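J.: A single structure is presented below for examination.
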């Protein structure tokens, strides 16, 4: 059997809302409002569903047509409201879909640099692109590459041209380019000209003063923003360089063992590049001193601070509330530790829990933490900006990430069945001689108190497995919770085969019976693979 059959719950619901074997528009409307909690649905909407059914007759749905509607792509598990968060708050009030070393095609040591991964990231909705800019070998042009490694460079001009072309194909909301600058002042001036001439009117150029508060996301629509450290006079920069160890500097690869080349060495004294400085809208930098100085909130100006994943973890142990307070006005960017040379990622939850806006990820991989990132930014119409929960923005009572909070809601998840593998996979992909043995792992990624993973039974020898199992998740912070779903094919002799995954923001899951499409390891949707599931939210007793 390769086609799914309606589960008993669906048959029972059909009986409840139908008459004489047919569900008319009134019955379907009642089902959608009462059971599916679609309060805005009208009888006309229900009639359109009936009219659009491929099954006859047209005056109502029989049980198979009703089941097929529930298991169709139009019955999404996620609210489809488009951009529905308040977008008039300052930039610092949002989680932002952020890339790390956005130009790399593969690992951090010897893969090619290219504009292709930048284009792919922008198409997926990424809103922060990172470029490491270095002098070329002749010291007369600007290249993008991962310094101190064997990565083959790409020109800055090519990257900028692609960013301009693809910046707003998936979202109208602003794109931030974070520059890791290793240029001499003369090349900074050249880079400034490239940026200005290439991006033109879509480049957001701030006034002479540093922002006291970041502009709103809405006012920055269709604009590209530059964020980097303000340039220093060469002598000042060289003195700072001599004083600071690379591991304490604000660089994305500061933990890589290979010491980066020093582009300024043996150069005569050069002046600052004023054109370059005027382009910087979000000023970056790490103040001298310890964590208290780094996290100091200046009421007269806002800035961006960068910490590695390890620096954040350490800081969170002693300065959790200070980090939250800092991120209410300022930007915090978190990046992967340098030993992640395979371009893997880290758990983003600790950063989000502390209000970090830019949780920088390697987008070229396919690890489970990247799936969480994809899940978070499925919210708010997949525009790349997700408004932070109110508790992270409350300036009167600063949120303490260390305090365990009371239970807010219970999410009940029923996994009925799945289908589509027969059409999307080779018939010997899972087993050469028999149909697959599928099981589902389902759980919550979120704050430590909410984190949980459970597993269904294994259904043997079936392309259309039917599990009919319910799972229950008690959530203290549903605003930050993500529902993880992953299907495996059981294998006695080797590692179980991957058979699809998805990750959904709990805050946008719709109640009722829904068709849940599954993705491949890279996060791309399969043509046919999906699960029929039911979601129910209840209050704790």
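Numbering (full-length UniProt numbering), first residue to last: 1 to 541. Backbone N, C-alpha and C fix where the C-beta goes; we use that ideal spot for every residue, glycine too. Quick caveat, the model's predicted, so the values are computed rather than measured.
For the beta strand (DSSP E) that contains residue 283, what are its first and last residues?
T.: Where residue 283 is concerned, the enclosing beta strand (DSSP E) stretches over 280-283.
J.: If you check the beta carbons only, do residue 173 and residue 220 fall under 9 Å apart?
T.: Taking 9 Å as the Cβ cut-off, residue 173 and residue 220 qualify as a contacting pair.
J.: Does the Cβ of residue 101 have 16 or more other Cβ atoms within 10 Å, making it buried, or fewer, making it exposed?
T.: Per the 10 Å Cβ criterion, buried.
J.: In chain order, what residues of the same chain have a beta carbon less than 6 Å from the beta carbon of residue 409, not counting five sequence neighbours either side?
T.: Around residue 409: 475, 478, 537.
J.: Who are residue 543's beta bridge partners in DSSP?
T.: Only positions 1 to 541 of the chain appear in this structure, which leaves residue 543 out of reach.
J.: Tell me whether residue 463 sits in a helix, a strand or coil according to DSSP, three-state version.
T.: Residue 463 falls in the coil class under three-state DSSP.
J.: Following the continuous alpha helix (DSSP H) through residue 509, name the residue where it begins and the one where it ends.
T.: Per DSSP, residue 509 belongs to no alpha helix (DSSP H) and is neither H nor E.
J.: Hey, out of 206, 189, 540, 214, whose CA is closest to residue 231's CA?
T.: Considering only alpha carbons, the answer is 189.
J.: Just tell me which of 209, 59, 447, 369 has its CA closest to the CA of residue 404.
T.: Answer by Cα proximity: 447.
J.: Beta-carbon within less than 8 Å of residue 367's beta-carbon, same chain only, minus the 5 sequence neighbours each way: which residues are those?
T.: Only 344, 345 meet the Cβ criterion.
J.: For residue 339, count neighbouring Cβ atoms within 10 angstroms of its own Cβ and tell me buried if that reaches 16, exposed if not.
T.: With fewer than 16 other Cβ atoms within 10 Å, it is exposed.
J.: Is residue 356 close to chain B, meaning its C-beta is less than 9 Å from at least one C-beta of that chain?
T.: In the structure shown, chain B cannot be found, because there is only a single protein chain.
J.: Could you tell me the alpha carbon to alpha carbon distance between residue 115 and residue 37, rounded to whole angstroms?
T.: Answer to the nearest angstrom: the Cα atoms are 45 Å apart.
J.: Should residue 229 go down as buried or exposed, given a rule of 16 or more other Cβ atoms within 10 Å for buried?
T.: Flag for residue 229 reads buried.
J.: Taking all protein chains shown into account, do 16 or more other C-beta atoms lie within 10 angstroms of the C-beta of residue 207, making it buried, or fewer, making it exposed?
T.: When all chains shown are included, residue 207 counts as exposed.
J.: Taking Cβ to Cβ, would you say residue 7 is nearer than 9 Å to residue 417?
T.: Cβ distance < 9 Å, so residue 7 and residue 417 count as in contact.
J.: Within this structure, are the beta carbons of residue 514 and residue 70 separated by less than 9 Å?
T.: Yes; because the gap between Cβ atoms is below 9 Å, this pair is in contact.
J.: At what residues does the beta strand (DSSP E) containing residue 161 begin and finish?
T.: Unbroken run through residue 161 is the alpha helix (DSSP H), 156-166; no beta strand (DSSP E).
J.: Select from 154, 128, 122, 125 the residue whose C-alpha is nearest the C-alpha of residue 137.
T.: Closest option to residue 137, Cα to Cα, is 154.
J.: Going by beta-carbon coordinates alone, are residue 323 and residue 354 separated by less than 9 Å?
T.: The answer is yes: Cβ separation under 9 Å.
J.: State the DSSP-derived secondary structure class of residue 544, mapped to helix, strand or coil.
T.: Residue numbering for the chain in the displayed model covers 1 to 541; residue 544 lies beyond these limits and cannot be assessed.
J.: Check whether the Cβ atoms of residue 382 and residue 170 sit closer than 9 Å, and answer yes or no.
T.: In this structure, residue 170 lies closer than 9 Å to residue 382 by Cβ.
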